[in-house]
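Note that the working numbering gives residue 156 to position 153 of the sequence shown, counting from 1, and the numbers run on in steps of one. Here is the structure we will look at.
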Amino acid sequence: MQFHLIANSHLDPVWLWDSREGLNEGIATVRAVLDMMDENKNLTYIRGESAIYRHIEQTDPSTFRRILAHVKSGRWDVVGGTYIQPDTNLAGVETLARQFTEGQRYFQNRFGRKVTVAWQADSFGHSAGLPEIFAAAGIESFAFTRPDKTAFPLASPAFWWEGASGVRILAYRPLVGWYGSERDEIPRRMDALLDAAHKGVLKNVACFYGMGNHGGGPSRRQLMEIRAWAETHPDVKVVHSGLHSFFAALRQEVTAKAALAIPIHRGD
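Set out below in structure tokens:
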């Protein structure tokens with residue numbers, strides 16, 4: 004069993020605050036995470052939304068250079084491929100296409116490669132047409148946490164999401180929890196995740212964590228508790244990971260084993 008720890012910090016640039024507060028919170032969040040990455044050489048982190056990257060690049064060039072260094076080292080995973088995390092329930096095709104056109108153009112220009120993993124932490128549903136849009140944008144995999152299993156049951160955390168044309172995207176929803184985690188939740192989250200994983204067949208398991216819903220991210224306490232949990236569970240390989248590396252391992256697992264046939268989902 005291998006647990007992939009996915010540190011993240013969900014941030015809506017505009018929600019119950021205006022864009023000035025939201026984008027500046029992006030800077031504060033990134034600075035805090037970068038400082039923790041300097042302290043803890045194992046910590047990895049995922050961040051999407053080209054709008055936030057562009058704001059940091061324009062207003063805080065030194066912080067942007069720190070991001071670039073960690074992207075090059077492989078510890079900072081640029082994900083999502085969009086301008087912001089969009090509503091994927093009812094948005095039109097042109098709107099979603101422009102999200103990826105703008106986002107992928109920026110990521111290719113600044114980081115030298117396009118994103119291949121879509122990330123939707125907080126949209127409450129996903130239109131049946133998304134696999135087609137993903138494929139056109141160069142997206143191969145998709146991670147999401149909503150709708151949860153009480154609202155939308157799935158037979159497996161990993162599945163092929165098939166579009167009308169037959170195109171397939173490797174999708175994943177975590178077995179336990181949401182994209183974030185409460186201050187004292189890590190040991191319970193990892194215990195519950197292990198129990199749930201033992202009931203399934205997949206050996207690569209994603210564990211999303213991070214404080215807050217307006218910026219935030221991994222905390223020092225959480226990192227200490229992750230290390231302590233790993234030490235008491237030597238049968239589980241616990242790695243700080245990113246979405247691209249997680250999906251690479253997951254894709255290898257589901258394609259290498261002829262007997263491991265994950266479900267195919269069609270529709271919303």
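We put the CB at the ideal spot given by N, CA and C, even for glycine.
query                                                                                                                : result
Of the listed residues L178, R224, E185, nearest to K202 (C-alpha basis)                                             : L178
Exposure of R192, with buried meaning 16 or more beta-carbon neighbours within 10 Å                                  : buried
Residue burial classification, I267 (beta-carbon count within 10 angstroms, cutoff 16)                               : exposed
Exposure label - W3; buried when at least 16 CB within 10 Å                                                          : No statement about residue 3 is possible, as the shown extent of the chain runs from 4 to 271 and does not include it.
Which of helix, strand or coil DSSP assigns to V1                                                                    : Residue 1 falls outside the range modelled here, since the chain spans only 4 to 271, and no answer is possible.
Contact between the segment 78-94 and the segment 114-132 (3+ Cβ pairs under 8 angstroms)                            : yes
Given R149 as reference, the closest of D271, I9, V17 once Cα atoms are compared                                     : D271
Y301 - DSSP class collapsed to helix/strand/coil                                                                     : The chain is shown from 4 up to 271; residue 301 falls before or after that span and cannot be answered.
Among P221, A121, Y175, nearest to G83 - alpha-carbon criterion                                                      : A121
Residues bridged to H268 [DSSP beta-bridge criterion]                                                                : W164
Inter-residue spacing [alpha-carbon to alpha-carbon] between S144 and Q111                                           : 18 angstroms
Span separating the alpha-carbon of W20 from that of T32                                                             : 16 angstroms
Contact under 8 angstroms by Cβ, S12 with G218                                                                       : yes
Three-state class that DSSP yields for D198 in the structure shown                                                   : helix
Boundaries of the alpha helix (DSSP H) in which A35 is found, first to last residue                                  : 22-42
Own chain partners of L99 with C-beta closer than 6 angstroms, once the 5 adjacent residues on each side are dropped : I136
Status (buried if at least 16 other CB within 10 Å, exposed otherwise) for S222                                      : buried
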